[in-house]
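To keep things clear, I will list the structure first and then write my remarks on it.
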Amino acid sequence: MKGASLVAIAACVGNFLQGWDNATIAGAVIYVKKDLKLQSSVEGLVVAMSLIGAAAITTCSGSISDWIGRRPMLISSSILYFVSGLVMFWSPNVYVLCIGRLLDGFGVGLAVTLVPLYISETAPSDIRGMLNTLPQFAGSGGMFLSYCMVFGMSLTTSPSWRMMLGILSIPSLLYFVLTVFYLPESPRWLVSKGKMLEAKQVLQRLRGREDVSGEMALLAEGLGIGGETSIEEYIIGPPDEVADGQEPIVDKDKIKLYGPEEGLSWVAKPVTGQSSLALVSRQGSMVNQGVPLMDPLVTLFGSVHEKLPETGSMRSMLFPNFGSMFSTAEPHFRTEQWDEESVQREGEGYASEAGGEDSDDNLHSPLISRQTTSMEKDMARPTSHGSALSMRRHSSLLQGAGEAVDGTGIGGGWQLAWKWSTREGEDGKKEGGFKRIYLHQEGVPGSRRGSIVSLTGGDVPVEGEYIQAAALVSQPALYSKELMDQHPVGPAMVHPSQTATKAPIWAALLEPGVKHALFVGMGIQLLQQFAGINGVLYYTPQILEDAGVSVLLADLGLSTNSASFLISAFTNLLMLPCIGVAMKLMDISGRRTLLLTTIPVLILSLIVLIIFELVTVSAMVSAAILTACVIIFICCFVSAYGPIPNILCSEIFPTRVRGLCIAICAMVYWIGDIIVTYTLPVMLTSIGLVGIFGIYAAVCIISWIFVFLKVPETKGMPLEVITEFFAVGARQAAAAKN
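Final position of the sequence shown in full-length UniProt numbering is 738; the numbers increase by one with none missing.
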């Protein structure tokens with residue numbers, strides 16, 4: 001995990017600069033107003049230019065990142081930060097200062113939008129939540145250090161606002177160096193453009209291992225948008241081993257599943273009524289059947305997490321010994337043939353001639369391992385492949401049964417596989433059915449997990465030792481209609497570069513799963529902005545002043561401005577340990593659980609603030625209680641409701657339109673931020689603090705209801721599986737309405 005963690009930390013420098021800038025302008029504007037003799041409206045414009053720039057760049061940042069990549073956009077962000085710092089340091093008048101603030105806003109908008117996306121696409125699913133909480137930690141850390149810097153400069157005889165704002169260029173140089181020389185391109189974006197060899201090299205660096213064939217196959221499958229997905233149930237075991245010259249026992253009920261590595265396969269028998277995931281998909285969760293507006297998507301995700309084994313998701317939960325069991329098999333991903341420079345050479349062999357002989361020599365696929373016999377006849381007559389598998393199993397078991405999975409698992413207890421079946425068409429020709437399957441182990445005690453591959457001597461397991469699994473079954477992302485029309489005799493696929501497009505796929509926004517995800521993403525971003533953090537932060541200095549903190553600081557010889565900066569620095573310092581706790585819990589408790597737990601605390605804090613604004617008690621008691629409420633509100637907010645909306649938005653969209661969809665959600669975020677920021681003074685005048693906190697409390701109540709009914713739990717799940725669930729959930733929601 002070291003490679004992915006270091007890359008995430010480096011990317012978060014952009015969020016550090018955002019926090020630094022937010023705090024710096026809050027302090028510097030006091031001296032800007034005095035030096036340039038600004039009116040209040042112009043002063044507000046200087047502060048607002050950054051918000052305007054961020055909102056403006058967000059309109060196109062997502063689609064451009066889907067076109068040219070994530071890394072170039074992060075490099076652009078670092079350049080914009082650097083140039084804006086120089087412009088603000090030089091600015092002779094308010095007009096040049098506004099231009100500098102606008103450029104700074106462009107850099108902020110790119111960083112805030114794309115860093116969570118970049119981290120989600122590079123991080124392992126097991127620690128994705130933790131790494132995606134880093135931007136929140138970096139932003140708060142930047143604000144704390146910036147307030148300390150502004151406080152120190154405020155103690156001088158003539159503080160320079162140009163110096164305060166211009167210092168931004170120094171850390172932005174570090175950001176530029178990291179983005180250019182250290183950060184790799186997102187492997188998911190590389191796969192979406194057909195750059196398979198480069199994607200493999202990046203994954204090997206991020207994961208710290210050579211064998212990344214399983215994840216490479218997963219990334220290629222993530223290129224699909226929409227499509228029909230069904231939930232099936234299987235009992236799964238190892239492939240039947242048949243000695244040379246022995247006739248196998250034919251079982252028409254069994255099918256063969258193929259993994260992303262050469263020689264990796266399983267036998268599966270379809271069953272009905274066993275899987276909790278399938279039960280939920282048919283009739284809803286037992287717990288939530290009585291909730292009338294509960295989104296079926298929430299119950300689908302919940303059924304998966306309820307069944308996750310307690311040993312954690314750092315290794316594959318479906319046959320935990322797969323990695324050692326097939327350790328001697330060569331990885332099937334021959335990426336030198338996948339590279340974009342060899343598309344034509346590889347493509348020539350993808351589809352067989354329709355009239356060709358039904359033999360394995362005609363099967364060409366970049367994802368499915370080529371078997372020693374025809375796939376159509378595999379179940380009926382396995383040949384020497386079985387004994388070869390037996391030798392692999394015997395040798396690998398000597399290495400120990402507890403070896404961790406490397407290339408075969410895709411994270412979160414999920415396994416990627418494919419199945420191929422044939423049938424007679426209307427014209428008498430054989431037609432193939434090629435399906436991609438995401439498998440998830442169900443209902444097996446930890447003591448028995450993986451027993452089918454742990455038997456000494458390679459004995460064939462008894463029926464009770466097979467593993468039960470739920471399956472998301474869909475057409476592979478690269479199995480195109482054009483290939484089907486050529487009547488291939490095996491599971492042929494097109495190269496990812498042949499499906500790549502330069503322009504944004506706007507039509508994909510109309511897919512039910514994407515629309516559903518946009519509703520969740522936009523809703524939680526908007527509700528977060530109206531939940532009250534800006535108003536509470538605005539009110540914090542007044543609360544602390546009433547508590548006597550300002551008087552204490554004045555007695556120490558600090559001016560009013562210096563005391564205000566120190567109080568703000570202290571407030572941001574309080575956030576850091578709370579965000580650290582959130583990082584630890586994000587992949588353990590989960591996003592949904594953290595929100596449902598912390599939002600009631602926000603509501604309670606706001607209600608107490610309202611009560612003590614209305615009633616008359618002693619000044620000391622009131623100040624103590626109000627201070628405690630403000631601190632509790634801020635700490636709870638930054639530990640959950642602050643980072644989680646960005647984390648969710650970076651997880652729930654398909655690879656091809658992830659940048660575009662995140663930009664739409666970010667636009668909603670910035671619009672909400674602008675509305676809250678510039679209506680706060682007006683609302684203070686019209687309805688007062690009590691009215692404002694009342695509105696914030698009502699929004700928090702709506703937020704809790706929205707999260708409970710509409711926001712699923714995504715912890716530990718591969719991004720591609722999450723988007724598949726959204727597609728299934730959207731269709732179930734539509735069916736429920738009908």
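Using N, Cα and C, we set each Cβ at its ideal position, and we do this for glycine too.
State the Cα-Cα distance for the pair residue i and residue j, rounded to the nearest angstrom.
| i | j | result |
| --- | --- | --- |
| residue 30 | residue 66 | 40 Å |
| residue 117 | residue 651 | 8 Å |
| residue 701 | residue 689 | 18 Å |
| residue 583 | residue 93 | 43 Å |
| residue 568 | residue 90 | 27 Å |
| residue 2 | residue 9 | 11 Å |
| residue 339 | residue 719 | With a pLDDT of only 49 at residue 339, under 50, the local geometry of the prediction cannot be trusted, and the value read off the model is given with reservation. Taking the straight line from one Cα to the other gives about 23 Å. |
| residue 320 | residue 578 | Here residue 320 scores only 41 on pLDDT, less than 50, and its place in the model is too uncertain to base an answer on. |
| residue 416 | residue 187 | 18 Å |
| residue 732 | residue 474 | 16 Å |
| residue 588 | residue 518 | 25 Å |
| residue 540 | residue 630 | 7 Å |
| residue 439 | residue 713 | 18 Å |
| residue 160 | residue 153 | 8 Å |
| residue 551 | residue 580 | 32 Å |
| residue 401 | residue 200 | Bear in mind that the predicted position of residue 401 carries a pLDDT of just 30, short of 50, making it too unreliable to give a figure here. |
| residue 239 | residue 57 | 54 Å |
| residue 326 | residue 264 | With a pLDDT of 33 at residue 326, under the threshold of 50, the predicted position of this residue should be treated as unreliable, and no value is reported. |
| residue 61 | residue 617 | 52 Å |
| residue 103 | residue 670 | 16 Å |
| residue 98 | residue 206 | 40 Å |
| residue 4 | residue 119 | 8 Å |
| residue 656 | residue 64 | 12 Å |
| residue 229 | residue 717 | 17 Å |
| residue 437 | residue 231 | 9 Å |
| residue 212 | residue 132 | 22 Å |
| residue 13 | residue 420 | 47 Å |
| residue 70 | residue 77 | 11 Å |
| residue 468 | residue 708 | 30 Å |
| residue 802 | residue 196 | What is shown of the chain runs 1 to 738, which leaves residue 802 out entirely. |
| residue 597 | residue 637 | 11 Å |
| residue 363 | residue 506 | Here residue 363 scores only 29 on pLDDT, less than 50, and its place in the model should not be relied on; the value that follows carries that caveat. For residue 363 and residue 506, the distance between alpha carbons rounds to 35 Å. |
| residue 42 | residue 166 | 20 Å |
| residue 646 | residue 528 | 10 Å |
Going along the chain, which residues of its own chain have a beta-carbon closer than 6 Å to the beta-carbon of residue i, five neighbours each way excluded?
| i | result |
| --- | --- |
| residue 521 | 649, 665 |
| residue 704 | 599 |
| residue 620 | none |
| residue 36 | 94 |
| residue 100 | 84, 87, 88, 91 |
| residue 268 | 234, 236, 255, 257 |
| residue 266 | 236, 257 |
| residue 162 | 89 |
Whose C-beta lies closer than 8 Å to the C-beta of residue i among residues of the same chain, with five residues either side of it excluded?
| i | result |
| --- | --- |
| residue 679 | none |
| residue 735 | none |
| residue 594 | 582, 585, 586, 639, 640, 644 |
| residue 59 | 663, 667 |
| residue 51 | 105, 670, 673, 674, 677 |
Going by beta carbon distance, what residues of the same chain come within less than 7 Å of residue i, once the five residues before and after it are set aside?
| i | result |
| --- | --- |
| residue 155 | 562 |
| residue 607 | 697 |
| residue 11 | 74, 115, 118, 119, 183 |
| residue 466 | 235, 236, 237, 452 |
| residue 125 | 411, 412, 716, 717, 718 |
Just checking my contact of residue i with residue j at CB under 8 Å: how many whole Å lie between their CB atoms?
| i | j | result |
| --- | --- | --- |
| residue 157 | residue 75 | At roughly 40 Å, the Cβ-Cβ gap does not stay under 8 Å, so residue 157 and residue 75 are not in contact. |
| residue 224 | residue 591 | Rounded, the Cβ-Cβ distance is 25 Å, inconsistent with contact. |
| residue 514 | residue 654 | 7 Å |
| residue 210 | residue 410 | Not quite, the Cβ-Cβ distance comes to about 17 Å (not below 8 Å), so this is no contact. |
**Asked** Is it true that the region 79 to 89 meets the region 165 to 178, where meeting means three or more beta-carbon pairs spaced less than 8 Å apart?
**Response** The region 79 to 89 and the region 165 to 178 touch, with no fewer than 3 CB-CB distances between them shorter than 8 Å.
**Prompt:** Looking at C-beta atoms only, is the number of pairs between the region 4 to 24 and the region 98 to 109 that lie closer than 8 Å three or more?
**Reply:** Three or more beta-carbon pairs separated by less than 8 Å link the region 4 to 24 to the region 98 to 109, which places the two stretches in contact.
**Message:** Three Cβ pairs or more, each shorter than 8 Å: is that satisfied between the region 599 to 611 and the region 569 to 576?
**Reply:** no
**Message:** Across the region 42 to 60 and the region 143 to 150, are there enough close Cβ pairs to call them in contact, namely three or more that are closer than 8 Å?
**Reply:** no
**Prompt:** Should the region 128 to 140 be called in touch with the region 553 to 567, which here means at least 3 C-beta pairs below 8 Å?
**Reply:** In this structure the region 128 to 140 does not touch the region 553 to 567; the number of beta carbon pairs closer than 8 Å is below three.
**Asked** Would you call the region 179 to 198 and the region 216 to 233 in contact, with 3 or more CB pairs under 8 Å?
**Response** yes
**Asked** Looking at C-beta atoms only, is the number of pairs between the region 292 to 302 and the region 712 to 730 that lie closer than 8 Å three or more?
**Response** The region 292 to 302 is in contact with the region 712 to 730.
**Complete runs of the alpha helix (DSSP H) confined to the region 36 to 99 [at least 4 residues]** = The region 36 to 99 contains, as complete alpha helix (DSSP H) runs of 4+ residues, the segments 40 to 68, 70 to 90 (chain order).
**Prompt:** Hey, which unbroken runs of the alpha helix (DSSP H) at 4 residues or more fall wholly within the region 537 to 615?
**Reply:** Runs found: 549 to 555, 560 to 585, 591 to 614.
**Message:** Quick check on the DSSP output: what are the complete alpha helix (DSSP H) runs of length 4 or more inside the region 613 to 637, in order along the chain?
**Reply:** 619 to 636
**Prompt:** What are the uninterrupted segments assigned as alpha helix (DSSP H) that are 4 or more residues long and contained completely in the region 122 to 164, given in chain order?
**Reply:** 128 to 154
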